[in-house]
Every structure is written in structure tokens, then in C-alpha cells.
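Before any comments, here is the structure.
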Amino acid sequence: MQPEQLKYNPSHEWVGVTESGGEKIAVIGITDFALEQLTDLVYMALPKVGTKVTAGTEFGEVESVKAVSPLYSPVDGEVVEVHDGLADQLEQLAADPFGDGWMIKVKLADDAKLDGLLDYAAYKQQCANS
Amino acid sequence: MAEFAGFNMPIQYSSIVSEHTATRQSAGLFDISHMGRLRFEGPRAHLLLDHLLTRRVSDMQPGMIRYSLMCNEEGGTLDDVLIANLETPSNRHYFLLVVNAGNRAKILKWIAPHVADFPDVEFRDTTESTAMIALQGPKSAAIAERLFTPKVTQLKNYHGLVTEQMKKPCIVSRTGYTGEDGFEFIVRAEDAARVWENLMLAGREHGIEAVGLGARDTLRLEAGMPLYGHELSAAIDPYTAGLGFAVSLGDRSFLGSDALGAFKAAPRSTKRIGLSLTGRRAAREGASLVDSDQRTVGSVTSGTFSPTLQRPIAMAYVAHELATTGTNIEVDIRGTRTEAQIVPLPFYKRANS
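In the order they appear, the protein sequences are chains A and B.
Under this note's numbering, the first residue of the first sequence is numbered 1, with each subsequent residue one higher.
Under this note's numbering, the first residue of the second sequence is numbered 1001, with each subsequent residue one higher.
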């Protein structure tokens, strides 16, 4: 996905919404900036298919040598696909965070909004200020 | 960058694993100027230090360095320190006490009345007028050789001397906090940047890396070394911490010696141990240890994913009766039980040491 077309949590998760069979599917991952800050990932936990997620609440975690970092969902919905094998190939996440490094796909709840998320320019600004 | 004991310090320069690996395989350079440096000079300085520290100082020959502790009257640990007996090229003698950055203010306050009892001892806190740099790793001697007199690379472990680097005064000791061979240098603050640059240049062909606080922590953890505020506190006596070797009773009385005698005779109910965990999640400080009857029997004081061993390791305090190598135990990592085993400390020991 093109970073310029994604929306962002202030906590560094990205989300891109696609249409599939009339349903809105959100693809979620974490940003290159977050990975640079964490460095040296050793572990990742993702939810199972069918898990309900809510914007702003934890759906998993990544851990580096330095620290544990919770993953917060940017949207409301239900997990319909989990990136199998990503946890065993964390280098894939660092190599292509906006592509092969995607984590989960979420079927958006009917009334789901992407309010409160940052656009690319606002997210970049936040990173520059941190 | 992070604020640490009043110093603004980098957690990492490049990445923790890269800095850690460079130190294990070649060399790492650490700015440890935050460590407190206290100087005692005078014919009775050794008697003052005999009273303050848990190991005797008066039998130390010039050039010797000892790991020691400071305890309160109740036998609680106030700090873990290095004490050096140094001799200048002009034959002046003094003692240098290196204390933890976070404890410096507390220690200054603690020792003040005792220092006052020895008006002939000249006491100075030289922390802010000097800087301290650690060179650690198997290539340390090869790097130091290019910048210092051969006496420096001939230093034995836990020995030090007062010498020069580019005609400027420099205290060198063969000490460190990584489990590797290495040196620690104390120079005047105004000379620090130049000495740092010289060491980085001399180490370049060996792939030396600047190392931040993050890798300093993972390196000392692998080496099984305690960190004050984690494995050590005023609530923990040296025997519980497994630091009985740093207490010498019987040769004199000192602050805390009565209480320590009692702890030695009747140990407390917990003990510091090492844990090796399954999986890849690290047990961080505060994680509970749970026995087969689901009782909480201890807690983790430091933990990380070990870059050298490629598995999670931790130090913890656990009930005495369980504190034997090979005991299986569970650790509660943020709500998930993870299997672990009690293993001997250190987790990592360098070859030929």
C-alpha cells in the first residue's frame, strides 16, 4: 500500500481500507517509524480470525529487545484474516512494513468511521515532532 | 535519548542488538560519565573506607580495585561500588570510590557525617569535573595498546593506574560491567571528547561501536551482574543478593556489620536466581513467578531477550527452597504463563576467563 493513502493512529498503526465483495476491509500494520524506534523485534502476538476489535483498544503486541509495545486497533470490526507466519519472519515486517508486513485484515463494522485518525501529512508531522 | 540520574543519555546509538554484538565480538565504547566518582586522600583515608564499605580497604595494595557494597546499620544495601587504591606518577596516594549515578546524592548524604569524623581526610566529589569512558570487548587490549603506555594493557583484572593519554591525566582500570575484557578511563571533562574520538578511531578497524544504556543493560544482565534499583535495594541484604563474596566480616567492625553477621547466620527466605524462559517473550521487571501449586513464589527484577543466547533470560528473587538449578517454574508474563527453568548465573561467560 502507498503510505500517502493510508490513515494512522498516533500510536503508529496504519490502516488502509479496501472493498471486497461489497464489504469494507481494513488492512492494518505498523509504520516504518515505529519499527525504527523499536528495533530488533523478537516477538509478535496477533489475534485469531473472528476476534472483535475496537478502535483504540489492544489487538496484539510486538516486543523488541528494548521493550514491549501494545498494538492498538485503528478501527471497529471483526478480524477476517491474520498474516500467517509473520510472527516467525519478523524481518519481513521491517523490510516492507506497508506491504508484506501487514498484520491483520478487519471487516469494518457497519457504522465504523475513520474519525480521529491522522492522514499521512499529519502523521509525518507527529513523527518529526517526537 | 533518555534522562537518567540527571544526565541526558542515549538508549541506543544504532540498535541495541548491533551494539551488544559488537561488544561481545569486538569492542564497544560507553560514555559512563554519569557514574559518581568520589576521591578520598590522606593517611587515614583507608580507615574511613574500612568503616563505610563491606570489604576491607586497609589491606589493598596500590593499584588494586575491589567490588564492594555500602550497607546501612540494618544490613540493607545502599549501593554497590568499586573502590580503587591509586598511586600517581609523583607517588601521591588516594582512593577512588565509583558509585551508581542514581545513588550519588544519597551516598553523599550518607557518608557526610562519617567523613566529618575524619577531618584529616580530604574528600572531593569529582563526578562533574571528570568524565568516564568504558572500552569493553575482546579487542579492548588491541585498541588500548595503540593509545596508551604498555603498562595499561599489562594491567590485571581489577587493577588500575594513573597515567596519561596524549599528555593529559587519565586513570585507567581493567574493569567493566559487560562480562568482557576491557578498561574504564577517567579523564578531565575537557579532555573527554578527544579521548572518546581517539578510542573510536583506534577501534575503527575492529568495528568498534558506541554503546548506549539499552545494550549496557542487556550485556550486564547476560553477565549476571546486579543493577541497583532492580536486584539491589535497601530492602535487600548482600547475602540474599548472592553477593556474600563482597562482605568480609570478622576483620573489623563497619557500618552494618552486626546486622550482616546475623543475616549470614540466618539467611532470609528468598534468593537471587537466574531464569531461562521458553518461547521468545521476555519476562520484564515485576513479572510473578508461580510454582506448580499456583502460588506466587517470587518476582522478576530484570529481564530481556538475550541477544547472545537468542532466548529470554531474567533475574529474579525466589523462595529459598525452590532456588536450585534445574527447578521448573512458571512466569506470568502479562497474564500468560510461560515455562522457565532456574539456571546458574552468569548466563554468559566469556571464553578464557
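Just so you know, even glycine gets a beta-carbon here, dropped at the ideal spot from N, CA and C.
Whole-Å CB distance - residue i paired with residue j, under 8 Å assumed
i, j, result
"residue 999(B)", "residue 66(A)", "An answer regarding residue 999(B) cannot be provided, because it is not within the stretch 1001 to 1353 covered by chain B."
"residue 1152(B)", "residue 1144(B)", "5 Å"
"residue 1186(B)", "residue 1037(B)", "6 Å"
"residue 1347(B)", "residue 1274(B)", "6 Å"
"residue 41(A)", "residue 93(A)", "7 Å"
"residue 1272(B)", "residue 1241(B)", "5 Å"
"residue 44(A)", "residue 114(A)", "So it is not a contact: roughly 24 Å between Cβ atoms."
"residue 1302(B)", "residue 1285(B)", "6 Å"
"residue 104(A)", "residue 30(A)", "Contact doesn't hold; Cβ gap of about 11 Å is too wide."
For residue i, the three-state DSSP class (helix, strand or coil)
i, result
"residue 1098(B)", "strand"
"residue 24(A)", "strand"
"residue 123(A)", "helix"
"residue 105(A)", "strand"
"residue 1049(B)", "helix"
"residue 33(A)", "helix"
"residue 1205(B)", "helix"
"residue 1020(B)", "helix"
"residue 1084(B)", "strand"
"residue 1028(B)", "strand"
"residue 1064(B)", "strand"
"residue 1140(B)", "helix"
"residue 1128(B)", "coil"
"residue 1263(B)", "helix"
"residue 6(A)", "coil"
"residue 1035(B)", "coil"
"residue 92(A)", "helix"
"residue 70(A)", "strand"
Spatially closest choice to residue i from the options, by CA coordinates
i, options, result
"residue 1009(B)", "1275(B), 1215(B), 1163(B)", "1215(B)"
"residue 1334(B)", "1326(B), 1323(B), 1299(B)", "1299(B)"
"residue 20(A)", "108(A), 116(A), 56(A)", "108(A)"
"residue 1024(B)", "1138(B), 1086(B), 1064(B)", "1138(B)"
"residue 112(A)", "124(A), 91(A), 24(A)", "24(A)"
"residue 1184(B)", "1058(B), 1202(B), 1160(B), 1237(B)", "1160(B)"
"residue 1294(B)", "1311(B), 1328(B), 1266(B)", "1328(B)"
"residue 1122(B)", "1250(B), 1042(B), 1163(B), 1340(B)", "1042(B)"
"residue 1296(B)", "1317(B), 1006(B), 1194(B), 1127(B)", "1317(B)"
"residue 1200(B)", "1022(B), 1308(B), 1117(B)", "1022(B)"
"residue 1027(B)", "1248(B), 1136(B), 1189(B), 1247(B)", "1136(B)"
"residue 75(A)", "61(A), 85(A), 89(A), 52(A)", "52(A)"
"residue 1006(B)", "1095(B), 1102(B), 1290(B)", "1102(B)"
"residue 1306(B)", "1128(B), 1237(B), 1018(B)", "1018(B)"
"residue 1104(B)", "1157(B), 1126(B), 1158(B)", "1126(B)"
"residue 63(A)", "1340(B), 1322(B), 1304(B)", "1304(B)"
"residue 1321(B)", "1267(B), 1308(B), 1309(B)", "1267(B)"
"residue 1227(B)", "1248(B), 1080(B), 1158(B)", "1080(B)"
"residue 1338(B)", "1013(B), 1225(B), 1280(B), 1190(B)", "1280(B)"
Cα-Cα separation between residue i and residue j, rounded to whole angstroms
i, j, result
"residue 1229(B)", "residue 1070(B)", "14 Å"
"residue 87(A)", "residue 110(A)", "30 Å"
"residue 1050(B)", "residue 1234(B)", "20 Å"
"residue 1155(B)", "residue 1045(B)", "24 Å"
"residue 1100(B)", "residue 83(A)", "46 Å"
"residue 1282(B)", "residue 1124(B)", "42 Å"
"residue 1270(B)", "residue 1167(B)", "51 Å"
"residue 1351(B)", "residue 1259(B)", "38 Å"
"residue 1035(B)", "residue 1220(B)", "15 Å"
"residue 14(A)", "residue 1243(B)", "49 Å"
"residue 122(A)", "residue 128(A)", "10 Å"
"residue 106(A)", "residue 1336(B)", "25 Å"
"residue 1172(B)", "residue 1212(B)", "21 Å"
"residue 1088(B)", "residue 1170(B)", "10 Å"
"residue 130(A)", "residue 16(A)", "24 Å"
"residue 1344(B)", "residue 1325(B)", "6 Å"
"residue 1323(B)", "residue 1292(B)", "14 Å"
"residue 1311(B)", "residue 1205(B)", "30 Å"
"residue 71(A)", "residue 81(A)", "16 Å"
"residue 1341(B)", "residue 1349(B)", "19 Å"
"residue 1020(B)", "residue 1198(B)", "21 Å"
Within 8 Å, strictly: CB atoms of residue i and residue j
i, j, result
"residue 1068(B)", "residue 1054(B)", "yes"
"residue 1223(B)", "residue 1178(B)", "yes"
"residue 1276(B)", "residue 1332(B)", "no"
"residue 116(A)", "residue 78(A)", "no"
"residue 1015(B)", "residue 54(A)", "no"
"residue 1239(B)", "residue 1263(B)", "yes"
"residue 1140(B)", "residue 1182(B)", "yes"
"residue 1115(B)", "residue 1083(B)", "no"
"residue 1202(B)", "residue 1146(B)", "yes"
"residue 1097(B)", "residue 1062(B)", "no"
"residue 97(A)", "residue 6(A)", "no"
"residue 3(A)", "residue 120(A)", "yes"
heavy atom of the ligand FAD below 7 Å from residue i C-beta
i, result
"residue 1244(B)", "Looking at this structure, you won't find the ligand FAD or any other ligand, since it has none at all."
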